[in-house]
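All residue numbers for the sequence shown refer to the numbering used here, where the first residue is 47 and numbers rise by one.
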Amino acid sequence: MEADDCLECSTWPAELTAARYAYVLAPPASDLVHALKYEGWRELAPLMSRAMARVVPRGTDARGSSSRPERIAVVPVPTTERRLRERGYNQAELLAEGVGRALGRPCLPALRRERATVSQTTLAPSERRENVRGTFSLSSSASRLVPDADVLLVDDVLTTGATAGEAAVTLTRAGAASVTLVTFARALPRVAARAA
Numbered sequence: 047m048e049a050d051d052c053l054e055c056s057t058w059p060a061e062l063t064a065a066r067y068a069y070v071l072a073p074p075a076s077d078l079v080h081a082l083k084y085e086g087w088r089e090l091a092p093l094m095s096r097a098m099a100r101v102v103p104r105g106t107d108a109r110g111s112s113s114r115p116e117r118i119a120v121v122p123v124p125t126t127e128r129r130l131r132e133r134g135y136n137q138a139e140l141l142a143e144g145v146g147r148a149l150g151r152p153c154l155p156a157l158r159r160e161r162a163t164v165s166q167t168t169l170a171p172s173e174r175r176e177n178v179r180g181t182f183s184l185s186s187s188a189s190r191l192v193p194d195a196d197v198l199l200v201d202d203v204l205t206t207g208a209t210a211g212e213a214a215v216t217l218t219r220a221g222a223a224s225v226t227l228v229t230f231a232r233a234l235p236r237v238a239a240r241a242a
């Protein structure tokens, strides 16, 4: 679907080339996300990341151009230091490592979270975008690997695209050729309303 046809995507920055997800955020997928993110079930990450790797287009990048497998960089969305201490791991990084293994590409922690943000769960889409503005920077060790790369940005859930959009802006400013978001699940407003 083209961004012009997608009401949700219309607010995304142009730097976020595309988004792919394995499942809609509804049971049992939502149970897996919750267990990985909040209950310490890190053993779920390999199973979830294999499902994510299956939705990555083969042979072409998100724009339909010939892909260059050697230029694919798998990058997790970073979490805050506080959440890392609480959980003991970044669920997006565990998923990115699994996606990278499935694709034969290394996981590259190219982004740093410069500041903690308010939890996005209760914010409206416009508030989410403002909440994450200026949150990310490029890690110094990744600056030579991001230019001209087709980045697969990995996170557990796509809700409004605010976090992914801000990360994509940072990666594109660092020279990424494209940024495709790959998540395990996609939160859809109508599905959430039916489940409530």
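Glycine residues also receive a C-beta, built at the ideal position from the N, C-alpha and C atoms.
Taking the beta carbon of residue i as the centre, do at least 16 other beta carbons fall within 10 Å, making it buried, or is it exposed?
| i | result |
| --- | --- |
| Tyr84 | exposed |
| Gly144 | buried |
| Thr63 | buried |
| Asp194 | exposed |
| Pro122 | buried |
| Arg240 | Confidence at Arg240 is low in this model, with a pLDDT of 47, below 50, so its placement is unreliable and no value can be given for it. |
| Pro124 | buried |
| Leu93 | exposed |
| Gly146 | buried |
| Glu139 | buried |
| Ala160 | Ala is not the amino acid found at residue 160; the sequence shown has Glu there. Per the 10 Å Cβ criterion, exposed. |
Relative to the C-alpha of residue i, which candidate in the options has its C-alpha closest?
| i | options | result |
| --- | --- | --- |
| Glu89 | Thr218, Arg114, Leu149, Gln137 | Gln137 |
| Leu154 | Ala119, Glu127, Leu184, Glu160 | Ala119 |
| Ala99 | Glu54, Ala213, Leu198 | Leu198 |
| Ala68 | Val101, Val192, Glu212, Ala156 | Val101 |
| Phe230 | Pro73, Arg66, Val192 | Arg66 |
| Leu130 | Thr181, Arg190, Gly86 | Gly86 |
| Glu61 | Glu116, Leu217, Pro235 | Leu217 |
| Ala91 | Asp77, Thr126, Pro103 | Asp77 |
| Ala223 | His80, Arg114, Arg104 | Arg114 |
| Ala10 | Thr206, Ser56, Asp202, Arg117 | This structure leaves residue 10 out entirely; the chain is present only between 47 and 242. |
| Arg96 | Gly150, Arg133, Trp58 | Gly150 |
| Thr206 | Ser189, Pro235, Asp196 | Pro235 |
Give the DSSP-derived three-state secondary structure of residue i in the structure shown.
| i | result |
| --- | --- |
| Thr226 | strand |
| Ser183 | strand |
| Leu154 | coil |
| Leu71 | coil |
| Asp77 | helix |
| Pro103 | coil |
| Leu149 | helix |
| Ser112 | Confidence is the limiting factor: at Ser112 the pLDDT is only 49, short of 50, which leaves the residue's position unreliable, though a coordinate-based value still follows. Strand. |
| Pro235 | helix |
| Val243 | Outside the displayed range of the chain (47 to 242) lies residue 243, so it cannot be described from this structure. |
| Arg66 | strand |
| Arg159 | strand |
| Val192 | coil |
| Val121 | strand |
| Trp58 | coil |
Contact defined as beta carbons within less than 8 Å: I believe residue i pairs with residue j. What is the distance between those atoms, to the nearest angstrom?
| i | j | result |
| --- | --- | --- |
| Leu71 | Arg219 | Between Arg219 and Leu71 the Cβ distance is about 30 Å, and since that is not below 8 Å, they are no contact. |
| Ala148 | Val200 | Contact flag wrong, Cβ pair sits at about 11 Å. |
| Arg158 | Ser183 | 5 Å |
| Ala210 | Leu227 | 4 Å |
| Ala214 | Val192 | Actually they are not in contact, since the Cβ atoms of Ala214 and Val192 sit about 12 Å apart, beyond 8 Å. |
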